[in-house]
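Colleague: I'd like to ask you about the structure that follows.
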Ligand SMILES: *[C@@H]1O[C@H](CO)[C@@H](O)[C@H](O)[C@H]1NC(C)=O
Ligand SMILES: *[C@@H]1O[C@H](CO)[C@@H](O)[C@H](O)[C@H]1NC(C)=O
Ligand SMILES: *[C@@H]1O[C@H](CO)[C@@H](O)[C@H](O)[C@H]1NC(C)=O
Ligand SMILES: *[C@@H]1O[C@H](CO)[C@@H](O)[C@H](O)[C@H]1NC(C)=O
Ligand SMILES: [Zn+2]
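Numbering (my numbering), first residue to last: 28 to 326.
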């Protein structure tokens, strides 16, 4: 943990220097970093009553050297390889035919109609690869950590017609952008600026504080996964499309200007989804790497 903490300022510096790709189809780097950082804290923490020494060791062993022992450092890797790994780009999201529910058999495929090629299939795929010693476990871990973040971004499970809000042009305050980008990046950036002194670490601490106080009673229901399928990713996708309809798309049309009213009512959703992503990633990693001691048994 000591070296991990020592690296944090460097990582944050690298993050703040990085340029945002305008149309990146994921939570931005900050969102993914927070999801993984929260998962790490929970995985590494004994106070949350996880027995995860084994899981921690397994995760750290699989990380590439460039991660410096920190999962959060490679949580955006899957976005960085989007052009090299074209086949993987449908794995970041799922689309519904304009309806507010998710059906795996109907919605989880790529443009060629290949089954399971969506964010839910990918989470199941990389979970089972990690459990069965698949080809490249380092890649599987980096994909999994990223996609668990993506499935919690409401506009990553949303309508095919508007490409998850990418074709809905809006003004975020005075700046022209699109609705998808507002949810990936803009709300987090505005929150960082308005409330957290532009410091990602402060925002993470604040979300972690709510995990232990505000949401303490909800954590076990977030983690509970009694499905016989590999993971509960399909449930997280269902939550996302519901939130997309109830919050993200609600009262928005082409050329809408979104300001304080939208920001203040939607930011709590963003923060809670990041928290849920982190808690569930930790639970899933524990389940994969420490099945005997994790609270939930596999199958
Ligand atoms: C780690 O896993 C081994 C079996 O692989 C088990 O014997 C040991 O008790 C585990 N350690 C912890 C701290 O859970
Ligand atoms: C599962 O992972 C393998 C290896 O990365 C990949 O070739 C395959 O397309 C993936 N399938 C899904 C549904 O994610
Ligand atoms: C596994 O994937 C990583 C990241 O793409 C790559 O750097 C590494 O060379 C791969 N390892 C093997 C054995 O293919
Ligand atoms: C924490 O919870 C409080 C009370 O619900 C809420 O007002 C605040 O926005 C939350 N902060 C974060 C970072 O989740
Ligand atoms: Zn993504």
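Yeah, the Cβ is synthetic: ideal placement off N, Cα and C, and Gly gets one too.
Shorter than 7 Å, the distance from the beta carbon of residue 117 to the closest heavy atom of ligand 4, or not?
Modeller: For ligand 4, not one heavy atom lies less than 7 Å from the Cβ of residue 117.
Colleague: Going along the chain, which residues of its own chain have a beta-carbon closer than 7 Å to the beta-carbon of residue 311, five neighbours each way excluded?
Modeller: So the qualifying residues of the chain are 154, 175 and 258.
Colleague: Taking three-plus beta-carbon pairs below 8 Å as touching, is the region 175-185 in contact with the region 80-98?
Modeller: No, the region 175-185 does not touch the region 80-98.
Colleague: With respect to 7 Å, is the separation between the Cβ of residue 345 and the closest non-hydrogen atom of ligand 2 below this value?
Modeller: Shown here, the chain extends from 28 to 326; a query on residue 345 therefore has no answer.
Colleague: Measure the C-alpha to C-alpha separation of residue 92 and residue 163 and round it to an integer number of angstroms.
Modeller: C-alpha separation (whole angstroms): 15 Å.
Colleague: Assign residue 132 to one of three DSSP states: helix, strand, or coil.
Modeller: Reduced to three states, the DSSP call for residue 132 is helix.
Colleague: Less than 8 Å between C-beta atoms, sequence neighbours within five positions excluded: which residues of the same chain meet that for residue 214?
Modeller: Result list for residue 214: 290, 293, 294 and 297, in chain order.
Colleague: Just to confirm my understanding: we take residue 104, look at its own chain, exclude 5 residues before and 5 after, and list those with CB closer than 6 Å. What are they?
Modeller: Only 169 meet the Cβ criterion.
Colleague: Grab me the residues of residue 198's own chain with a C-beta within less than 8 Å of its C-beta, minus the 5 sequence neighbours each way, in chain order.
Modeller: Answer for residue 198: 204, 282, 283, 284 and 285, listed in chain order.
Colleague: Leaving out the 5 sequence neighbours to the left and right, which residues in its chain are closer than 6 Å to residue 49 when beta-carbon positions are compared?
Modeller: For residue 49, the predicted structure reports a pLDDT of 36, less than 50, and the residue's modelled location is therefore unreliable. The matter cannot be settled from this model.
Colleague: Regarding residue 260 and ligand 5, is the C-beta to nearest heavy atom distance less than 7 Å?
Modeller: No, the Cβ of residue 260 stays beyond 7 Å of every heavy atom of ligand 5.
Colleague: Count the other CB atoms within 10 Å of the CB of residue 247; is the residue buried (16 or more) or exposed (fewer)?
Modeller: So residue 247 counts as exposed.
Colleague: Nearest-angstrom Cα distance between residue 275 and residue 88?
Modeller: Going from the Cα of residue 275 to the Cα of residue 88 covers about 38 Å.
Colleague: Could you compute how far the alpha carbon of residue 271 sits from the alpha carbon of residue 188?
Modeller: Between residue 271 and residue 188, the C-alpha separation is close to 14 Å.
Colleague: How is the alpha helix (DSSP H) around residue 174 delimited, first residue to last?
Modeller: Looking at the DSSP string, the run of the alpha helix (DSSP H) that includes residue 174 is 164-178.
Colleague: Work out the CA separation of residue 150 and residue 80 for me, nearest whole Å.
Modeller: Going from the Cα of residue 80 to the Cα of residue 150 covers about 23 Å.
Colleague: Keeping to the same chain, check which residues put their C-beta closer than 7 Å to that of residue 217; ignore five residues upstream and five downstream.
Modeller: For residue 217, where only same-chain residues beyond five positions count, the Cβ hits under 7 Å are 290.
Colleague: Per DSSP, residue 122 forms a beta bridge with which residues?
Modeller: Beta-bridge pairing links residue 122 to 185.
Colleague: Locate the beta strand (DSSP E) running through residue 199, then write down its first and last residues.
Modeller: Looking at the DSSP string, the run of the beta strand (DSSP E) that includes residue 199 is 196-199.
Colleague: Please give me, in chain order, every unbroken run of the alpha helix (DSSP H) with length at least 4 that falls completely inside the region 227-290.
Modeller: Whole alpha helix (DSSP H) segments, 4+ residues: 227-239, 246-250 and 260-270.
Colleague: Taking just the CA atoms, how far does residue 309 sit from residue 60?
Modeller: Distance between the alpha carbons of residue 60 and residue 309 is about 14 Å.
Colleague: In three-state DSSP terms, what is residue 202?
Modeller: It is a strand residue.
Colleague: Between the region 122-129 and the region 238-254, are three or more C-beta pairs nearer than 8 Å?
Modeller: No: fewer than three Cβ pairs fall under 8 Å.
Colleague: Quick one: residues in its chain with C-beta nearer than 7 Å to the C-beta of residue 158, no 5 flanking neighbours on either side, listed in chain order?
Modeller: Correct list, in chain order: 315.
Colleague: Go through its chain and collect everything with a Cβ distance to residue 265's Cβ below 7 Å, but skip five positions before and after it.
Modeller: Taken in chain order, the residues that qualify are 128 and 129.
Colleague: Compute the distance between the beta-carbons of residue 231 and residue 302, then report whether it is under 8 Å.
Modeller: Result no, Cβ atoms of residue 231 and residue 302 do not sit closer than 8 Å.
Colleague: Grouping DSSP H, G and I as helix and E and B as strand, with all else coil, what is residue 142?
Modeller: Strand, per DSSP.
Colleague: Does residue 181 pass the burial test, meaning 16 or more other C-beta atoms within 10 Å, or should it be called exposed?
Modeller: With 16 or more Cβ atoms within 10 Å of its Cβ, residue 181 is classed as buried.
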